[in-house]
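One structure below.
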Amino acid sequence: MNIDISLFALGGFAFCGGLIDAAVGGGGLVQIPALIHALPGSSLATIFGTNKLAVLLGNAFSVSGYLRRVKIIWKLIIPTMGAAFVFSFAGAYTVSLIPREFMEYLVFVVLIIMAVYTFIKKDLGRLHTDIRIGLKEILLGIVLGAFIGFYDGIFGAGSGSLLLFAFVKYFGFDFLNASASAKLINLGTFTAALLFFVPSGNVLWITGGIVGVCNVAGAITGVFLALRYGSGFIRVFFLILLLFLIGRMGVSIL
18 MNIDISLFAL GGFAFCGGLI DAAVGGGGLV QIPALIHALP GSSLATIFGT
68 NKLAVLLGNA FSVSGYLRRV KIIWKLIIPT MGAAFVFSFA GAYTVSLIPR
118 EFMEYLVFVV LIIMAVYTFI KKDLGRLHTD IRIGLKEILL GIVLGAFIGF
168 YDGIFGAGSG SLLLFAFVKY FGFDFLNASA SAKLINLGTF TAALLFFVPS
218 GNVLWITGGI VGVCNVAGAI TGVFLALRYG SGFIRVFFLI LLLFLIGRMG
268 VSIL
């Protein structure tokens with residue numbers, strides 16, 4: 018494929034990935050396959066490293082948009098982010114040591130459970146429940162942050178959706194607050210992964226910058242739609258994304 022056409026197509030996929038990621042997470046399932054197709058001669062580590070650079074840029078703009086409108090529960094978010102940061106770096110470090118297929122199968126099953134549960138629970142995530150954040154909730158956040166952060170470092174696609182669901186299911190957030198909180202955690206995981214990928218030379222800066230700009234444009238659009246239409250819109254979008262993720266991962270691993 019001609020490089021200009023390839024980059025143009027990649028930019029389009031990056032815009033869609035940024036939009037999806039800003040609203041409900043999971044944009045990597047759009048962007049990573051596009052990068053693999055556009056950069057056939059690059060290693061998987063370089064694909065992941067370049068993707069992390071792009072999504073970090075998009076995620077930063079998503080967070081700035083959400084922070085102006087959404088109240089963040091920092092008492093829970095900060096320790097969760099810390100655990101996710103540490104384990105994301107560990108995941109990136111062990112990307113060549115742990116079979117990726119194992120993580121994909123595990124996440125595939127989790128996505129199916131999430132989709133069924135969200136579909137059955139019609140009121141899930143529609144209202145924000147003000148629950149007390151004590152030691153038990155903080156420890157649960159650390160455990161969830163560690164698991165999802167580790168997965169994000171190894172593969173990452175769908176990690177934002179896992180975080181969003183965790184905040185809705187276990188902490189009583191509505192989908193809007195959960196999406197904003199997930200974006201903050203992902204800032205930590207993306208940064209941690211880049212701390213490994215950059216020194217090891219696994220980032221294509223020009224490609225990553227171009228994809229990142231398109232990702233930012235998509236992220237701004239996604240945040241606008243999420244804030245404009247609220248939790249009901251995000252819930253429907255989330256279910257559609259889960260079906261897409263399940264189908265996409267199912268085709269690749271089954």
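When you read off a place in the sequence shown, starting at 1, and then add 17, the result is the number in the numbering used here. Think of the CB as a built atom: it goes at the ideal place given N, C-alpha and C, for glycine as much as any other residue. None of the values given here were measured: they were computed from a predicted structure.
Coil, strand or helix - residue i by DSSP
i, result
"residue 19", "Since pLDDT at residue 19 reaches only 46, below the 50 mark, its modelled position is unreliable, and no value is offered."
"residue 37", "helix"
"residue 265", "helix"
"residue 219", "coil"
"residue 149", "coil"
"residue 186", "helix"
"residue 69", "helix"
"residue 230", "helix"
"residue 175", "coil"
"residue 245", "helix"
"residue 42", "coil"
"residue 85", "coil"
Own chain, CB closer than 7 Å to residue i, minus 5 neighbours either side, in chain order
i, result
"residue 40", "196, 239, 242, 243, 251 and 254"
"residue 256", "132, 135 and 136"
"residue 18", "Residue placement at residue 18 cannot be trusted, given a pLDDT of 43 that sits under 50; the coordinates are not used to answer."
"residue 129", "263"
"residue 198", "89, 94, 184 and 190"
"residue 14", "Residue 14 falls outside the range modelled here, since the chain spans only 18 to 271, and no answer is possible."
"residue 193", "87, 243, 247, 248 and 251"
"residue 234", "32 and 35"
"residue 98", "162, 201, 202 and 205"
Residue i: first and last residue of the uninterrupted alpha helix (DSSP H) it sits in
i, result
"residue 200", "192-214"
"residue 60", "No alpha helix (DSSP H) contains residue 60, which DSSP labels as neither H nor E."
"residue 49", "45-55"
"residue 103", "91-110"
Beta-carbon proximity check, residue i vs residue j, cutoff 9 Å
i, j, result
"residue 82", "residue 232", "no"
"residue 69", "residue 220", "yes"
"residue 73", "residue 181", "no"
"residue 261", "residue 46", "yes"
"residue 23", "residue 55", "yes"
"residue 223", "residue 122", "no"
"residue 155", "residue 92", "yes"
"residue 108", "residue 168", "yes"
"residue 104", "residue 188", "no"
Beta-carbon contacts of residue i that lie in its chain and below 6 Å, excluding the five residues immediately before and after
i, result
"residue 236", "35, 39, 75, 78 and 79"
"residue 203", "76 and 177"
"residue 161", "183"
"residue 225", "67, 70 and 71"
"residue 102", "205 and 209"
Neighbourhood of residue i by C-beta, 8 Å cutoff - its chain only, sequence neighbours within 5 removed
i, result
"residue 110", "170 and 213"
"residue 64", "49, 52, 53 and 56"
"residue 216", "none"
Presumed contact (8 Å Cβ cut-off) between residue i and residue j, rounded CB distance
i, j, result
"residue 209", "residue 106", "4 Å"
"residue 179", "residue 126", "That pair is no contact at about 12 Å."
"residue 228", "residue 28", "7 Å"
"residue 158", "residue 96", "6 Å"
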